[in-house]
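Undergrad:
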Amino acid sequence: MSTTTIANEEQVAEPGGFRHGDYLTCDKGWKSWAFTLDHKRIGVMYMLGVVFSFFLGGMFALVLRMELFTPNPTIIRSGDTYNQLFTLHGAIMIFLVIIPSIPAVLGNFVLPIMLGAKDVAFPRINLMSFHLYVIGMVMLVAAILSGGLDTGWTFYTPYSTVVSQTSVVMAVMGAFVLGFSSIFTGLNFVVTIHKMRPAGMTFFKMPLFLWSLYATAIIQILATPVLGITLLLIVVERTLGFGIFDPKMGGDPVLFQHFFWFYSHPAVYIMILPAMGVISELITTFSRRRIFGYSFIAYSSVLIAIFGFLVWGHHLFTSGQSPVATAIFSILTFSVSIPSAIKVFNWMATMYKGSISLQTPMLYAMSFLFLFGIGGLTGLFLGMLSVDLHLHDTYFVVAHFHYVMMGSALVGFFGGLHFWWPKIFGRMYDEKWGRIGAIGIFVGFNTCFFPQFIAGVQGMPRRYHQYEEIFRPYMVISTIGAFILGIASLIVFVNLYKSLKKPYDAPPNPWGGATLEWTVTSPPPHHNFDEEPKIYDPYNLEAVVWDPETRSYKHLEGQGLLGDGEQDA
Amino acid sequence: MSMLPLAMIQQEYGEGKNFWFHAQASNFAHEYDWVFYFVLYLSTFFFIAIVATMILFLVKYRRREEGEAAPHGPSHNTVLEITWTVIPTILVGFLFWFGFKGYMSQRVPPRDSYEIRVRSQRWVWSFESPGGIQSDVLYVPKGKNIKLRMSSSDVIHSLYIPAFRVKYDIVPGRYTQVWFRPTMKGEFHLFCTEYCGKDHSRMTTKVVVMDSFEFQGQLDKLAEEATSDPVEYGAKLYKSKGCSACHTLDGVKGQGPSWKGLFGMEREFSNAKKLVVDEQYLRESIIQPHKKLVKGYGAVMPVTQLKDRQVDALIEYIKTVK
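Each protein sequence line maps, in turn, to chains A and B.
Per the numbering used here: the first sequence = residues 74 to 642.
Per the numbering used here: the second sequence = residues 104 to 425.
1) So if I threshold CB-CB distances at 9 Å, which residues from the segment 294 to 326 of chain B count as touching chain A?
2) Under 8 Å, Cβ to Cβ, is there at least one residue of chain A near B:S146?
3) Please look up how many angstroms separate the CB atoms of A:K268 and A:A194, rounded, as I've assumed it's under 8 Å.
4) With 8 Å as the threshold, decide whether the Cβ of A:S353 is near any Cβ in chain B.
5) Should A:A400 be flagged as near chain B, meaning a C-beta pair shorter than 8 Å?
6) Quick one: give me the first and last residue of the beta strand (DSSP E) that B:W200 is part of.
7) Is it the case that the segment 389 to 406 of chain A contacts the segment 132 to 141 of chain B, given that we only count it when at least three CB pairs across the two stretches are under 8 Å?
8) I believe B:S178 touches A:F365 by the beta-carbon criterion, under 8 Å. Please report the beta-carbon distance rounded to the nearest angstrom.
9) To the nearest angstrom, how far is it from the Cα of A:N582 to the Cα of A:Y626?
10) Could I get the ranges of all uninterrupted alpha helix (DSSP H) runs contained in the segment 412 to 484 of chain A, with 4 residues as the minimum, in chain order?
11) Which residues in the same chain have their Cβ closer than 7 Å to the Cβ of A:G427, if we skip the five residues on either side of it in sequence?
12) Need the endpoints of the beta strand (DSSP E) that B:Y242 sits in, please.
13) Taking B:E184 as the query, report the chain A residues whose CB atoms sit under 7 Å from its CB, ordered along the chain.
14) What residue range is occupied by the uninterrupted alpha helix (DSSP H) comprising A:H267?
15) Please tell me whether A:V178 and A:M120 are closer than 8 Å, where the distance is taken between their beta carbons.
16) Closest Cβ-Cβ distance between B:T286 and chain A: below 8 Å?
17) Any idea which residues DSSP pairs B:T330 with across the strands?
18) DSSP has A:F498 in a bridge; who is on the other side?
19) Closer than 9 Å by beta-carbon distance: list the chain B residues that pair up with A:A164, in chain order.
20) Do you know offhand how far A:V477's Cα is from B:Y384's?
21) Please give the ranges of any beta strand (DSSP E) in the segment 272 to 316 of chain B, keeping only runs that are unbroken, at least 3 residues long and fully inside the region.
22) Report yes if the CB atom of A:L161 is closer than 8 Å to the CB atom of A:I115, and no otherwise.
23) So which residues of chain B does A:W619 contact, with C-beta pairs closer than 7 Å?
24) Can you give me the C-alpha to C-alpha distance between B:L143 and B:V258, rounded to a whole angstrom?
25) By the 10 Å Cβ neighbour count, where 16 or more other Cβ atoms means buried, how is A:R500 classified, buried or exposed?
26) Can you give the Cα-Cα distance for B:F160 and A:I527, rounded to whole angstroms?
27) Taking C-beta pairs closer than 7 Å, name the residues in chain B that A:H538 reaches, listed in chain order.
28) Compare the C-alpha of A:A472 against each of A:T109, A:L405, A:G554, A:A288 and name the closest.
29) A:L389 by DSSP, collapsed to three states: which one?
30) Please list the terminal residues of the continuous beta strand (DSSP E) segment that includes B:Q413.
31) Does A:E615 get closer than 8 Å to chain B when you measure Cβ to Cβ?
32) Among A:Q394, A:H331, A:F418, whose alpha-carbon lies nearest the alpha-carbon of B:M157?
33) In whole angstroms, give me the CA-to-CA distance for A:V470 and A:F142.
34) Which residue wins for smallest C-alpha separation from B:D332, given the options B:E419, B:G235, B:W362?
35) Using DSSP's beta-bridge definition, name the partner residues of A:Y609.
36) Who pairs with A:Y96 in a beta bridge, going by DSSP?
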């Protein structure tokens, strides 16, 4: 407790008891951040990395969209440059933004507090995971500066091993290191959830966000090593000339696709599952209703994680895989759609007879339902074998995965960020601008990506630097949408940033959440809980009431505790 | 093919085109579109139902005063939850079946198919009819079953003809195939849809569907072209075989050395003794491009499958580039 004295100096008594010796001010200097073992600080540093990468990847996207405004090359003259830009856009957005976004930023911050714990199970591994993230990021940037990368984020062989003249090895090693960062985070979460749940909180009394992080962590631990091995095999083939994937040396390029998607398809669930967890929390809190069908939602997370491992072959429907394998992968792919549908129906039912407030986080949640609806349903087209033959590798696929990854996973992240922002930084952001940002993202996103579905059905292939005149109308609308999306993202983050200039003004529980992080001050104390936490039922929202005096919600004295038998049916 | 009547080109953008699709120009297109619309209407129905319910709830159950609590309500309902699990499961079962049926009919070519050999390499297509006649545009007769036997000499490519609803990857080191029966005369796009590097988006050509009489005439014309003036033929091959992607004619350095004034020039190599460029050297460089590498250039040129006549024509053409 060496920091308590410093914390005490910061302590200022204010009406409502907002302030404490909190984790943000308890220690000073860059070293107190860079080498901290505090999960909250690690979460905040991840946030910086993710937001920076988001804008970097976003800039690449805007340049690409500007180029695609016209069918023939304009601002990007050479095909090589275009290819490097879309590769970097994809690699940055996937490895540096979406995969770490919810687990590493929000999960790191919230998970231990939701469990009533002081920290994750292995704080040092948690710090190492962040350091690996930074190293991986530096390696990716170094690859950009030392010759670029033009293989697509998928690194398909033999292009990546035989033909590409760019710094494939550096980039691949960067992704390899980032993989370890992801594995460590997952490992930490699994152990923390197993070992540090408080008395009374069984698995089926846990907040659903933790269920989703748990399912995600399992995938991270089991699938990421396969990616690591696959990436190393690329390095081995490129540098030592072993014939693993190159057919000229007896290798098989399709083998690479199997290996790669064995990780990268589950990785899609690493991206979407935590977002679904966030949405469960948002909808229940802003509807002020117990989540509907808790166990169905919890089980569906696990089912998605399991099925997610068995569907990689749907990326190979046109790759020369045997018809039997193809048929089996198609059936399994459809089976993933069921648990996803269940979640959506349960969220709708949660809103039924609720007391719904459309504050900024809830706007994102509604936006998620809409976008995930489109992203999920268009997945049915691609799961159907014959339909996929026409749509495979067209803009239909580009639109589909942006609806799922950006429209769902990142919108879920933005929703969660606005939800927990007052908790993380102790300040309320401007609600009006928050809503404008959320609506701007929704409008910009749909304008940008919906036309791409039509372009895809009309036959426009993806990763095209120049295209036929017939596709121009869709590309023009899409580019306009991309700029709306870019401006809206700026509004979102400027609004959040501006709130940091204010003194602390966030009450402990501004939205009416029933999970444990809302019972501590905003921002939380250095050790999360100054006294032994009371463990509340995460979904008994009837025990949480509005207190006009402190402008905060609070638990009714002695009500809604876990294990005191007052569960409602 | 500028000589084709304008009316033919218009077909792709005119007849049969609608909001979602271009022309239905093969035997698969009609059934394909039917299945597509089925899943489109099904998803639209569910999507509208979900969004309408969402909006209804947002309006009807909106919070009317700050901190208002929701009335006590049910937190689960097993019958309802099983219902909304089972119904989608049955529906996607049907979807799988439709998709599988259509897929199998595309994967198994009829025995009587007319086989065209497709060779792909960065970033050119080459089509060869059973008589050994090559072209860079895919000519096919209308109403006949066509099977494409495809191979790649470098990386993975993918042959895609949107108007036929046909696509399949071409993986180096093995043959893959697609089949179709063109049902409409006209010109249609043919794209590469597997990312293959710098000029991936230029790896496009045309499919020209003709009636069988015209088709025969076209084959004769191509055969004649191949035996005409070698320099002229070489100039065509320079473009159609993809040489132009890396070798310029004006002395500008590309991925490979320029052809300007190449013949008779003294060359230095990174892995061989220097020599003066003659026919023998050119022939060797075309057939075994990595045997002698010009200083400053990497081993990037793909091995091409050119016939003797074509190699001769290219050499004759190179001699004329000054």
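Cβ atoms here follow ideal geometry from the backbone N, Cα and C, with glycine treated the same way.
TA: Result, derived from the coordinates:
1) F294, C295, T296, E297, Y298, C299, G300, K301, D302, H303, S304, R305, T307
2) Here residue 146 of chain B refers to the residue found at position 43 of the second sequence. Judged by the 8 Å Cβ criterion, B:S146 is in contact with chain A.
3) The count along the first sequence starts at 1 and reaches residue 268 of chain A at position 195. The count along the first sequence starts at 1 and reaches residue 194 of chain A at position 121. About 6 Å; that satisfies the 8 Å criterion.
4) For the purposes of this step, residue 353 of chain A is taken as residue 280 along the first sequence, with counting starting at 1. No, A:S353 does not count as interfacial toward chain B.
5) Indexing the first sequence from 1 puts residue 400 of chain A at position 327. At least one chain B Cβ lies under 8 Å of A:A400.
6) Reading the second sequence from its first residue, position 97 is the one you call residue 200 of chain B. Premise fails: B:W200 lies in the alpha helix (DSSP H), 181 to 210, not in any beta strand (DSSP E).
7) no
8) Within the second sequence, numbered from 1, the residue matching residue 178 of chain B stands at position 75. Within the first sequence, numbered from 1, the residue matching residue 365 of chain A stands at position 292. At roughly 6 Å, the Cβ-Cβ gap stays under 8 Å, so B:S178 and A:F365 are in contact.
9) For the purposes of this step, residue 582 of chain A is taken as residue 509 along the first sequence, with counting starting at 1. For the purposes of this step, residue 626 of chain A is taken as residue 553 along the first sequence, with counting starting at 1. One C-alpha to the other measures close to 5 Å.
10) 433 to 456, 458 to 464, 468 to 477
11) On the first sequence, position 354 is the one that residue 427 of chain A refers to. Excluding sequence neighbours, A:G427 sits near S360, R361, R362.
12) In the second sequence, counting from the first residue as 1, residue 242 of chain B sits at position 139. Its beta strand (DSSP E) spans residues 241 to 244.
13) Position 81 of the second sequence, counted from the start, is the residue given in the question as residue 184 of chain B. Residues of chain A passing the Cβ test: G366, F369.
14) Walking along the first sequence from the start, residue 267 of chain A turns up at place 194. Its alpha helix (DSSP H) spans residues 241 to 268.
15) As a working mapping, residue 178 of chain A is identified with position 105 in the first sequence. As a working mapping, residue 120 of chain A is identified with position 47 in the first sequence. Against a cut-off of 8 Å, the Cβ pair of A:M120 and A:V178 comes out as a contact.
16) What you label residue 286 of chain B is simply residue 183 of the second sequence in a count that begins at 1. Chain A contact via Cβ: absent.
17) What you label residue 330 of chain B is simply residue 227 of the second sequence in a count that begins at 1. DSSP lists no partner for B:T330.
18) Counting from one through the first sequence, the residue named residue 498 of chain A turns up at place 425. Partner(s): none; A:F498 has no beta bridge.
19) Working through the first sequence from its first residue, we reach residue 164 of chain A at position 91. Simply none; closest approach about 14 Å.
20) Here residue 477 of chain A refers to the residue found at position 404 when the first sequence is read from its first residue. Here residue 384 of chain B refers to the residue found at position 281 when the second sequence is read from its first residue. In a straight line, the C-alpha of A:V477 is about 55 Å away from that of B:Y384.
21) 279 to 283, 289 to 295, 308 to 313
22) Against the first sequence, residue 161 of chain A aligns to sequence position 88. Against the first sequence, residue 115 of chain A aligns to sequence position 42. It is not a contact, given that the beta carbons lie outside the stated cut-off.
23) Sequence index remark: in the first sequence, residue 619 of chain A carries index 546 (1-based). Near A:W619 (Cβ distances below 7 Å), the residues of chain B are E169, G170.
24) Numbered from its first residue, the second sequence carries residue 143 of chain B at position 40. Numbered from its first residue, the second sequence carries residue 258 of chain B at position 155. The alpha-carbon atoms of B:L143 and B:V258 are separated by roughly 35 Å.
25) Numbered from 1 along the first sequence, position 427 holds the residue referred to as residue 500 of chain A. Buried: at least 16 other Cβ atoms inside 10 Å.
26) Stepping through the second sequence from its first residue, residue 160 of chain B is reached at position 57. Stepping through the first sequence from its first residue, residue 527 of chain A is reached at position 454. Taking the straight line from one Cα to the other gives about 31 Å.
27) Translated into positions along the first sequence, residue 538 of chain A becomes position 465. S304, listed in chain order.
28) Reading the first sequence from its first residue, position 399 is the one you call residue 472 of chain A. Here the closest residue by C-alpha is A:G554.
29) To locate residue 389 of chain A, count along the first sequence from 1; it is residue 316. If DSSP states are grouped into helix, strand and coil, A:L389 belongs with the helices.
30) To locate residue 413 of chain B, count along the second sequence from 1; it is residue 310. Taken as a continuous stretch (DSSP letters only), B:Q413 belongs to no beta strand (DSSP E), being part of the alpha helix (DSSP H) at 411 to 423.
31) By 1-based counting over the first sequence, the position of residue 615 of chain A is 542. With 8 Å as the cut-off, A:E615 counts as an interface residue toward chain B.
32) To locate residue 157 of chain B, count along the second sequence from 1; it is residue 54. Comparing Cα positions, the closest option is A:F418.
33) The residue you call residue 470 of chain A lines up with position 397 of the first sequence. The residue you call residue 142 of chain A lines up with position 69 of the first sequence. Their backbone Cα atoms lie some 19 Å apart in a straight line.
34) Numbered from 1 along the second sequence, position 229 holds the residue referred to as residue 332 of chain B. Ranking B:E419, B:G235, B:W362 by Cα distance to B:D332 puts B:E419 first.
35) Here residue 609 of chain A refers to the residue found at position 536 when the first sequence is read from its first residue. In DSSP, A:Y609 forms a bridge with A:L634.
36) Your numbering for residue 96 of chain A matches position 23 in the first sequence. Answer by DSSP bridge pairing: none, since A:Y96 is not bridged.
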